[in-house]
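Residue numbers (the numbering used here), protein chains in the order written: chain U, 4 to 200; chain Z, 52 to 144. We put the CB at the ideal spot given by N, CA and C, even for glycine. Encoded as structure tokens, the structure appears first; notes follow it.
Dropping the structure here:
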């Protein structure tokens, strides 16, 4: 049997997570500069967003991280049913998050607020930038939610097939790390877009 | 090589979640109090505390060794420089 390298696998995942941090970090650089330059427009932009959706989505992702973390504890204790519950719970949270995002964006599109729309092009530069950043950052984040859900779904299948166990939990641990990072990024997105006053 | 299992009890995880939810409430509440430019920094400070909780507990950073801790802190440091210095430059043009 090939020697496993759980520490190596974990470090590999963390190195990848660092690249993700820099990826979103670059977008936050843009946010920081334009927020400083167009603060009143950013405040107006935030007022146009639905704070309720933002709060609900924040809670959903925090709960989903709890589910995933509980799954790791469970796999190490051999509580397979709890591992499955955790993974199903996280997947459900991810799905609800994406549905919320769909409804939220749909509502914005209906009101003429989308990249390149007349409303945005004709509005003050700062407002256009705010929504440009909003769509790119939350869009990229949404893509990461999908990727994270795919990883968790793979883990779910492997837990059912007893390929993920207390002795072999690297894939679950790494998928969990990815999911937590997606939550971490949203923890910063939420106040920067929804709570600007 | 045997891997010692690093486990956080379910109760610890639940308490961490509770703390995160409370802090979410605080940051939302703070947004209803107009303190001018201080609001952004308060929001970022609370977000950083929440992020630290997710990192240390959910992501098991508490159990990790120097390699991971230092590489993570370096990444965050790099980000701080990238954002901070750019902001610093633009703000004084």
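Span of the alpha helix (DSSP H), counted from its first residue to its last, around residue i
i: residue 110(Z); result: Here residue 110(Z) belongs to no alpha helix (DSSP H), and DSSP marks it neither H nor E.
i: residue 69(U); result: 54–80
i: residue 86(Z); result: That residue, residue 86(Z), is in no alpha helix (DSSP H); it is neither H nor E in DSSP.
i: residue 153(U); result: 128–163
i: residue 120(Z); result: 117–142
i: residue 101(U); result: 83–113
i: residue 12(U); result: 9–40
i: residue 198(U); result: Looking at the DSSP string, residue 198(U) is not in any alpha helix (DSSP H), and its letter there is neither H nor E.
i: residue 125(U); result: 121–125
Residue i: CB within 8 Å of a non-hydrogen atom of the ligand MN
i: residue 133(U); result: For the structure depicted, the ligand MN is absent and the ligand set is empty, with no information on it obtainable.
Straight-line Cα distance separating residue j from residue i
i: residue 114(Z); j: residue 120(U); result: 49 Å
i: residue 107(Z); j: residue 45(U); result: 32 Å
i: residue 166(U); j: residue 65(U); result: 27 Å
i: residue 127(U); j: residue 143(U); result: 25 Å
i: residue 79(Z); j: residue 59(Z); result: 29 Å
i: residue 109(Z); j: residue 124(U); result: 42 Å
i: residue 180(U); j: residue 144(Z); result: 40 Å
i: residue 173(U); j: residue 76(U); result: 13 Å
i: residue 105(U); j: residue 100(Z); result: 29 Å
i: residue 30(U); j: residue 108(U); result: 20 Å
i: residue 125(Z); j: residue 25(U); result: 11 Å
i: residue 130(U); j: residue 129(Z); result: 29 Å
i: residue 189(U); j: residue 133(U); result: 17 Å
i: residue 74(U); j: residue 200(U); result: 38 Å
i: residue 194(U); j: residue 134(Z); result: 17 Å
i: residue 10(U); j: residue 103(Z); result: 22 Å
i: residue 198(U); j: residue 68(U); result: 22 Å
i: residue 14(U); j: residue 155(U); result: 19 Å
i: residue 79(U); j: residue 168(U); result: 8 Å
i: residue 160(U); j: residue 90(U); result: 10 Å
i: residue 62(Z); j: residue 97(Z); result: 23 Å
i: residue 122(Z); j: residue 178(U); result: 19 Å
i: residue 96(U); j: residue 183(U); result: 13 Å
Chain Z within 9 Å of residue i, Cβ atoms only
i: residue 86(U); result: no
i: residue 175(U); result: no
i: residue 183(U); result: yes
i: residue 139(U); result: no
i: residue 186(U); result: yes
i: residue 52(U); result: no
i: residue 68(U); result: yes
i: residue 150(U); result: no
i: residue 28(U); result: yes
i: residue 162(U); result: no
i: residue 180(U); result: yes
i: residue 25(U); result: yes
i: residue 13(U); result: yes
i: residue 95(U); result: no
i: residue 61(U); result: yes
i: residue 194(U); result: yes
i: residue 91(U); result: no
i: residue 132(U); result: no
i: residue 76(U); result: yes
i: residue 41(U); result: no
i: residue 19(U); result: no
i: residue 112(U); result: no
i: residue 38(U); result: yes
CB contact check: residue i to chain U, cutoff 9 Å
i: residue 77(Z); result: no
i: residue 101(Z); result: yes
i: residue 107(Z); result: no
i: residue 60(Z); result: yes
i: residue 54(Z); result: No answer about residue 54(Z) holds up, because its pLDDT of 48 lies below 50 and its placement is not dependable.
Under 7 Å by beta carbon: chain B residues contacting residue i
i: residue 32(U); result: Among the protein chains in the structure shown, which are U and Z, there is no chain B.
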